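With positions in the first sequence counted from 1, the corresponding number in the numbering used here is that position plus 2.
All C-beta atoms in this analysis are idealised placements derived from N, C-alpha and C, irrespective of residue type, glycine included.
It should be emphasised that the depicted structure is a prediction, and the values quoted were computed from it without experimental measurement.
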Amino acid sequence: MLFHIFQKHIDKALDALVTAGDISADTDRSNVTLEPPRDPAHGDLSTNAAMVLCKAAGMKPRNLAAKIVDQLTQIDDVASAEIAGPGFINLRVSETVLASELLEIDRLGPEYGRSDKGKGVTVNVEYVSANPTGPMHMGHCRGAVVGDALADLLEAIGHEVIREYYVNDAGSQVDTLARSAHLRYLEALGEDIGEIPEGLYPGDYLKPVGAALASEFGEDYRDGPESAWLLTFRKAAVAGMMDMIRSDLALLGIEHDVFSSEAELQAAGKPEAAEAILRSRDLVYDGVLEQPKGKVIEDWEPVKLPLFRSTQFGDDQDRPIKKSDGSWTYFGGDLAYHFQKASAADELIDIWGADHSGTVKRIKAAVAALTEGKTKFDVKLVQMVRLLRNGEPEKMSKRSGNFVTIADMVEEVGKDAVRFTMLTRKADAQMDFDFAKVTEASRDNPVFYVQYAHARIQSTLRKAADEGILPSDTHLDRLETEEFDLVKMMAQFPRIVESAAAAREPHRVAFYLNDLAAAFHGHYNLGNDRPDKRILMVNEVETTSARLFLVKNLGQTIRNGLALMGVEAVDSM
RNA sequence: GCGCCCGUAGCUCAGUCGGAUAGAGCAUCAGAUUCCUAAUCUGGGGGCCACAGGUUCGAUUCCUGUCGGGCGCACCA
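Here is the structure:
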């Protein structure tokens with residue numbers, strides 16, 4: 003890749019200065035950067051090498067820069083190297099390199115942008131993990147898309163990725179679910195259940211579960227005590243909910259590799275094992291929590307509980323891993339769960355809703371304690387999405403059973419629009435999702451804008467093919483400056499993928515594609531006033547074939563970017 | 001009261017482990033349609049990067065404090 007080639011050139015130039023005795027061999031070069039300058043007028047690439055290394059070299063930045071430039075100008079790929087400002091070195095890339103970059107893109111095709119930087123490192127990404135008490139709704143959507151796109155990104159840079167879903171099937175909310183299902187079971191048996199009582203799940207989605215239970219068990223559990231059926235109904239209801247969730251996720255193109263059950267984890271004694279390890283290191287002790295300050299709790303009473311010393315890791319309070327009735331807290335189970343994940347991966351990433359921000363410290367503390375700091379662990383918080391319809395916020399409330407489901411959204415605007423839109427903001431910023439906007443065919447809808455660029459390219463290729471002209475690399479020397487500018491942008495793609503993966507920020511791909519599409523639309527419109535700038539010139543077969551070769555690969559780059567977001571490119575609109 | 005996230009153009013947001021004159025879209029104003037998809041494009045105006053200190057050759061970026069907004073704060077997940 004272009005970028006890596008030039009990184010090597012910089013390295014070579016610095017090596018030469020080492021040989022010349024200007025800088026010492028052990029000088030730290032880790033702060034040396036090579037990046038496209040903000041202002042393209044400054045060149046194609048810019049390095050701060052002279053400014054970063056001048057102290058170690060005992061020279062003024064511009065003097066050191068001059069020596070580096072002397073080395074760089076000897077390299078064929080470097081069209082020019084200039085000192086600017088306080089000591090930047092601005093480079094221009096030769097058109098020969100750009101042409102070979104274009105050939106490289108063509109050779110790699112769908113593989114362009116992928117790398118093996120993360121090879122050998124397994125990353126577990128846990129996302130969605132919605133409670134199995136109902137269908138997927140808006141509140142889950144963004145985390146699902148961000149997690150999935152992040153998993154795609156990590157795979158693109160060569161990581162082995164485990165996509166995981168934690169099923170919270172052990173808490174009291176699944177008892178509530180079982181009771182709600184029992185009511186629907188009675189209903190299926192012909193009883194009049196009336197209004198769903200307060201505290202139970204009212205949604206219709208439990209009706210099929212009740213019906214299935216009725217046909218499986220007949221009247222067996224009609225009159226018996228709750229203890230007779232609770233476990234059976236819990237299992238059946240959770241299974242039903244998970245089937246529903248899986249099919250909702252499939253609508254978004256999301257498929258997890260592993261579903262881990264909290265109940266199974268507990269049955270297998272994992273929390274006990276984790277507790278034993280932590281107790282052996284005096285990181286769990288039996289103690290009493292103080293009443294939190296600034297908040298009045300009426301029925302507060304001191305209780306002795308097994309506490310994890312999360313304060314040793316920066317948390318404000320030690321955290322209980324068991325409740326006073328002896329059952330595990332959510333945290334107690336979660337800590338064991340993360341320990342389990344860590345046994346099969348080198349790095350862990352959790353995608354959480356921002357409403358769980360308060361629990362980040364304790365779980366990070368737990369992972370650090372259990373893996374003795376060996377497992378890298380990141381929690382990515384995803385902010386709320388406000389649903390808008392005609393500019394008016396759309397309310398959703400799970401309690402009333404009245405909420406916008408993912409199935410509704412996908413049906414209304416389509417999978418690709420949902421996914422792309424969810425990636426047009428960085429995850430930790432709040433965002434609005436306006437039903438009208440995401441399907442609008444206009445410049446300010448990036449989904450459309452990027453797709454339109456791709457469709458335009460395909461349309462041009464089709465039209466050219468009708469005229470008997472096909473893309474070809476035999477006359478790339480016919481390409482002009484504006485066209486090489488497009489290649490420069492395309493050449494940034496691998497770097498965007500790398501940095502987006504490293505920063506765990508899939509939205510960067512969306513912004514890049516928007517920029518790339520803008521560059522293409524601009525270039526395309528040059529042909530409006532200047533027929534000689536049109537891609538398709540029927541009487542200029544050689545030039546046209548080269549231009550077609552360029553836009554074909556620009557289309558490929560867009561396609562590859564969209565694929566990283568789980569969005570399919572369209573060939574016509 | 002405490003913790004986490006955020007504060008960038010009128011609006012919605014980008015801004016690469018600290019870099020050059022802080023960018024884009026919308027809105028606004030002025031233009032391009034006998035032309036490969038004008039569903040698009042070109043240009044103008046618009047900024048105390050919330051505020052005040054600190055670190056640095058250099059701060060929108062890092063640190064501290066203040067103000068403003070969001071989320072969360074016993075055995076609920």
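Please classify Tyr514 as buried or exposed, where buried requires at least 16 neighbouring CB atoms within 10 angstroms. buried
Which residues bound the alpha helix (DSSP H) around Ser249? 228-253
Supposed close pair Arg236, Asp154 - CB separation, criterion 8 Å: Not really, about 34 Å apart at Cβ, beyond 8 Å.
First and last residue of the beta strand (DSSP E) that includes Tyr287? 286-290
Since I believe Val169 is in contact with Ser262 (beta carbons under 8 Å), could you give me their beta-carbon distance rounded to a whole number of angstroms? 7 Å
Please report how far the alpha carbon of Phe333 lies from the alpha carbon of Gly122, in whole angstroms. 31 Å
Kindly list the residues whose CB is nearer than 7 Å to the CB of Phe219, restricted to its own chain and excluding five residues on each side of it in sequence; keep chain order. none
Express the C-alpha separation of Lys343 and Ile299 in angstroms, rounding to a whole number. 36 Å
Assign Asn33 to buried or exposed, taking buried as 16 or more other Cβ atoms, counted over all protein chains shown, within 10 Å of its Cβ. exposed
Where the beta strand (DSSP E) through Ser82 begins and ends: 80-86
If we ignore side chains and look at the alpha-carbon of each, how far apart do Glu413 and Gly212 end up? 26 Å
Tell me whether Glu128 sits in a helix, a strand or coil according to DSSP, three-state version. strand
Run of the beta strand (DSSP E) containing Lys306, from where it starts to where it stops: 306-310
Measuring CA to CA, which of Glu103, Thr75, Asp320 is closest to Asn92? Thr75
Going residue by residue through the region 157-240, where are the continuous beta strand (DSSP E) segments of at least 3 residues, counting only ones entirely within it? 162-169
Is Ile408 helix, strand or coil when you go by DSSP? helix
How many angstroms separate the CA atom of Arg181 from the CA atom of Gly120? 47 Å
Restricting to Cα atoms, I'd like to know which of Ala504, Leu488, Tyr339 is closest to Met556. According to the sequence as given, residue 556 is Leu; it is not Met. The option with the nearest alpha carbon to Leu556 is Leu488.
Does DSSP put Phe379 in a helix, a strand or coil? strand
With DSSP as the reference, label Met492 as helix, strand or coil. helix
Considering Leu538, what are the terminal residues of the alpha helix (DSSP H) in which it resides? No alpha helix (DSSP H) holds Leu538; DSSP gives it neither H nor E.
What are the boundary residues of the beta strand (DSSP E) that includes Asn92? 90-95
With three or more C-beta pairs closer than 8 Å as the rule, is the region 243-251 touching the region 214-228? no
Does DSSP classify Gly568 as helix, strand or coil? coil
Go to Glu264, then tell me how far its alpha helix (DSSP H) extends in each direction, as first and last residue. 264-269
Where Gly192 falls, given that 16 or more other Cβ within 10 Å makes a residue buried: exposed
Give every residue of the same chain whose Cβ lies closer than 7 Å to the Cβ of Asn133, excluding the five residues on either side of it in the sequence, and list them in chain order. Asn170, Gln175
What residue does the alpha helix (DSSP H) around Thr21 start on, and which one ends it? 4-21
Tell me whether Thr441 sits in a helix, a strand or coil according to DSSP, three-state version. helix
When burial is assigned at 16 or more other CB atoms within 10 Å of the CB, is His6 buried or exposed? exposed
Where the beta strand (DSSP E) through Leu481 begins and ends: Looking at the DSSP string, Leu481 is not in any beta strand (DSSP E), and its letter there is neither H nor E.
Assuming Ser282 is part of the alpha helix (DSSP H), what are its boundary residues? 272-282
Is Lys400 helix, strand or coil when you go by DSSP? Here the model assigns Lys400 a pLDDT of 45, short of 50, so the residue's position is not dependable, and the following value carries that caveat. Reduced to three states, the DSSP call for Lys400 is coil.
How many angstroms separate the CA atom of Lys10 from the CA atom of Ile77? 11 Å
In this structure, how does DSSP classify Arg458 when only helix, strand and coil are distinguished? helix
Proximity winner among Arg116, Glu97, Ser48, Asp108, relative to Ala86 (alpha-carbon distances): Ser48
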